[in-house]
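Have a look at the structure below, then the notes.
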Amino acid sequence: MNTATSGATTEVEVALTRLAHGRGLALPAYATAGAAGLDLPAAVDRDVVIAPGGRALIPTGYAIALPEGYEAQVRPRSGLAARHGISIVNAPGTVDSDYRGEIMVCLVNLGDAPFTVSRGERIAQMVVAPVSRVRLCETERLDGTVRGDGGFGSTGTAG
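Quick note, in this note's numbering, the sequence shown goes up one by one and the last residue is 165.
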């Protein structure tokens, strides 16, 4: 595994294979110097229309080999979500370091109008990050906190 550090950013080398139906598409890329995610393109042969409430599994045309100890998260693009209600069903989708298949994106249309996915359109972003593995230790009782077992909005309610 090759890594390089520049300031607060660590650069990790990730092998990428362009699949046959990904020919002609731009490589996943960071849109700006400060971007955390690489934009992923749609590798569709023809337009895919997603009806309101519908979903579609969209290929990206790429497969990657992450180094052991890393994962990739496939996340929605904020502009598509804000303008069209387009999100990802299993956001964030996880790409494990031992997965070698094509990166696929399951888009969902939460908007009120049909949405068309065209070839090459940036449909999601991929963030590569280190993974922490945990060792679970079963116990009869957990330590106490002020919050306790309150969840689902409990921290925003007045006593």
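All C-beta atoms, glycine included, are put in the ideal place defined by N, C-alpha and C.
Practice problem: Would you check if the distance between the CB atom of Leu46 and the CB atom of Ile109 is smaller than 8 Å? | Solution: As a first step, residue 46 is located in the sequence shown; it is residue number 40 there, counting from the start. As a first step, residue 109 is located in the sequence shown; it is residue number 103 there, counting from the start. The answer is yes: Cβ separation under 8 Å.
Self-check item: Residue range of the unbroken alpha helix (DSSP H) whose run includes Gly85
Solution: Along the sequence shown, one-based indexing puts residue 85 at 79. 84-90 is the span of the alpha helix (DSSP H), which, as asked, contains Gly85.
Quiz prompt | Beta-carbon gap between Gly75 and Val137 smaller than 8 Å | solution = Counting from 1 along the sequence shown, the entry for residue 75 is found at position 69. Counting from 1 along the sequence shown, the entry for residue 137 is found at position 131. Contact flag set, yes.
Quiz item: Below 8 Å, can you find three or more Cβ-Cβ pairs linking the segment 14-26 to the segment 114-122?
Solution: no
Quiz item: Is it a yes or a no for the segment 36-56 touching the segment 93-105, going by three-plus beta-carbon pairs under 8 Å?
Solution: Inter-segment contact for the segment 36-56 and the segment 93-105 is absent: fewer than three beta-carbon pairs are separated by less than 8 Å.
Practice problem: Determine the direct distance from the alpha carbon of Tyr105 to that of His90, and round the result to whole angstroms. | Solution: For the purposes of this step, residue 90 is taken as residue 84 along the sequence shown, with counting starting at 1. For the purposes of this step, residue 105 is taken as residue 99 along the sequence shown, with counting starting at 1. So the alpha carbons of these two residues sit roughly 31 Å apart.
Practice problem: Mind checking which residues open and close the beta strand (DSSP E) that includes Gly99? | Solution: As a first step, residue 99 must be located in the sequence shown, where it is residue number 93. Looking at the DSSP string, the run of the beta strand (DSSP E) that includes Gly99 is 99-101.
Quiz item: Thinking C-alpha only, which one of Arg128, Gly107, Gly157, Asp149 is nearest Arg83?
Solution: Taking the first residue of the sequence shown as 1, we reach residue 83 at position 77. It is Arg128.
Self-check item: Nearest to Pro34 (by Cα), restricted to the options Phe158, Gly126, Leu142
Solution: Taking the sequence shown and counting its residues from 1, the one referred to as residue 34 is at position 28. When each option's Cα is compared against that of Pro34, the closest is Gly126.
Self-check item: Per DSSP, cross-strand counterpart(s) of Pro65
Solution: As a first step, residue 65 must be located in the sequence shown, where it is residue number 59. Met110.
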